[in-house]
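Since the structure comes first, as structure tokens, the remarks are kept for the end.
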Amino acid sequence: MTVIGFHNSHEQVHPADLLTAVHHAEEVGFTAAMCSDHLEPWNPRQGQSGFAWSWLGAALATTSLPFGVVNAPGQRYHPVIVAQAIATLGAMFPGRFWAALGSGEAMNEHVTGHVWPNKDIRDARLRECIDVIRALLAGEEVSHDGLVVVDRARIWTLPEQQPALIGPAVTARTAARHAEWADGLVTINQPHDVLREVVGAYRDAGGQGTLTIQVHVSWDPDEDRALAMAHDQWRSNVFPPPLCWDLDTTTAFEQASAHVRPDDVRAAVRVSSDLGQHAQWIAEYVDLGFDQVYLHHVGKEQRPFLDAFGEHVLPRLGVTRPAPAVATRPLRPEQEPQPALLK
């Protein structure tokens, strides 16, 4: 059965309110959850940006849902810290946590004061981080000298099973690069032909595991309000790569989106007052082969969306039982930690 999950947008909702929202999402029938991991919101009207990892501990402890997070190791986060965070949540909540690891956006990463690298270097840095994180989760002591530097790191509290490490991609090129290491692929709603290219590139390169899509939606009983809400909150998110990767502040996104018209937002957000239309759109993603669909309502108020989709949309999609456990990669047999020098 396809997992229908709730995406928690830290950029838009205070973390206390977001915790209340995800509790309600479970109550109305959503079978999984995921969240963003930002330092800045995309525009000043969103106005929030809680720390994802603190919130994840609270959310996992107070629901029974599996959770995922989208994270960018390598600049703002050292990969050893990411590995420790993944290991601790995996140890505390077995089988319920996964992390999607990407190359990041300048708006969150520039704060370190380091140069924002070009995409090829960011992808190479991410690949080094993946190797470091996997080795640490396997119980190894790791030293590494490359685009990231690690000196004799070891994670002492390990999960019995490694949480799945998922590759996030919006282009076919990135999806193909992730195939060699990822336990699955996650992307966002795009035209169907683009999604087929992204998935095809991942599978053709040998990519294994689950296919996940995050779908931006805007719903209100009034169509005009649904569109106005999407334009107010999400017009800063209509830009394709590389612009969305390289703009470096909330102010820059706000300036870039000044001339985005309301109807332009429909290319990035599924906007409709018709709940049947939303159910049809979601079913189309399932038909494309996605195992997990996470819905992100782009409005700041989540409860009306959750109530409406829980009552009218989830039943049409056959969501009648809890989601299966998140796929995990077994740990290597326990052994004494040995130094590992990753090239």
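For the sequence shown, this note's numbering assigns the number 346 to the last residue and increments by one with no breaks.
C-beta atoms are modelled at their ideal positions from N, C-alpha and C, and glycine is treated no differently.
Given the structure is predicted, the values throughout are model-derived calculations rather than measurements.
- For V85, the enclosing alpha helix (DSSP H) starts and ends at P82 to M95.
- With respect to the C-alpha of I169, the residue from N74, V83 and I158 having the closest C-alpha is N74.
- Within the segment 252-322, complete alpha helix (DSSP H) segments of at least 4 residues are found at 253-259, 278-290 and 306-311, given in chain order.
- Between the segment 111-119 and the segment 130-142, the count of C-beta pairs closer than 8 angstroms stays below three; the two stretches do not touch.
- Under the three-state reduction of DSSP output, V72 falls in the strand class.
- Counting of Cβ neighbours within 10 angstroms places G313 among the buried residues, the total reaching 16 or more.
- For A36, the enclosing beta strand (DSSP E) covers residues A35 to C38.
- In its chain, beyond the 5 residues on either side, T253 and E257 have a beta carbon closer than 7 angstroms to the beta carbon of P47.
- By the neighbour-count criterion, in which a residue is buried when 16 or more other Cβ atoms sit within 10 angstroms of its Cβ, F54 is exposed.
- Contact between the segment 211-218 and the segment 179-199 is present: 3 or more CB-CB pairs across the two stretches fall below 8 angstroms.
- Judged by DSSP in its simplified three-state form, D227 adopts helix.
- Taking 7 angstroms as the cut-off, the Cβ atoms of V272 and V316 do not count as close.
- In this model, D266 and P97 are separated by some 43 angstroms (Cα to Cα).
- For P171, the pairing in a beta bridge is given by DSSP as V189.
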